[in-house]
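A.B. asks: Please find one structure pasted underneath; my questions will follow.
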Amino acid sequence: MRRRYTITLLFTALSLFLCFYHYLGFDPKNMMLFSLSVPLWFLTLFVDIRAINLFFAYVLTVASWALIGYIADRMVQIRETKKAQ
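Residue 27 is where the sequence shown starts when you use my numbering, and the numbers rise one by one after that.
As structure tokens, this is what we get:
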């Protein structure tokens with residue numbers, strides 16, 4: 027039996043690390059942030075990169091990875107319940 031929201035917590039922690047890494051200045055050319063932030067892939071299609079508020083980008087990044095993790099956890103939970111039947 028696995029913990030209920032393991033993947034959600036892992037993805038959220040990794041996205042928080044990514045945002046903190048960028049905030050501290052270790053990603054000066056925004057390569058990691060724009061490569062691993064799903065909402066920024068689409069946001070940069072409509073808005074200039076320099077016009078994006080970074081704290082808004084951080085919130086979107088954490089929220090999107092938490093949502094992706096939650097969806098993955100739900101899929102695992104559904105698979106486990108079908109397997110148990």
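Note that CB positions come from ideal geometry on N, CA and C, so glycine has one too.
A quick note: this is a predicted structure, and the numbers were derived from the prediction, not measured.
Within its chain, find whatever has a CB closer than 6 Å to the CB of histidine 48; leave out the 5 residues flanking it on each side and keep chain order.
C.D. replies: Only Leu59 meet the Cβ criterion.
A.B. asks: If distances are taken between C-alpha atoms only, which option among Phe37, Arg30 and Leu80 comes closest to proline 54?
C.D. replies: The residue with the shortest Cα to Cα distance from proline 54 is Leu80.
A.B. asks: Looking at C-beta atoms only, is the number of pairs between the segment 27-37 and the segment 72-87 that lie closer than 8 Å three or more?
C.D. replies: With the cut-off at 8 Å, the segment 27-37 and the segment 72-87 do not touch.
A.B. asks: Quick check on valine 73: does DSSP put it in helix, strand or coil?
C.D. replies: Coil, per DSSP.
A.B. asks: To the nearest angstrom, how far is the alpha carbon of methionine 57 from that of glutamine 111?
C.D. replies: When rounded, the distance between both Cα atoms is 46 Å.
A.B. asks: In terms of residue numbering, what span does the alpha helix (DSSP H) encompassing glutamine 111 cover?
C.D. replies: No alpha helix (DSSP H) holds glutamine 111; DSSP gives it neither H nor E.
A.B. asks: Please report the Cβ distance between alanine 39 and serine 63, rounded to the nearest whole angstrom; I am assuming they are in contact, meaning their Cβ atoms lie under 8 Å.
C.D. replies: About 15 Å; that fails the 8 Å criterion.
A.B. asks: Quick check on DSSP: helix, strand or coil for tyrosine 31?
C.D. replies: The answer is coil: DSSP assigns tyrosine 31 none of H, G, I, E or B.
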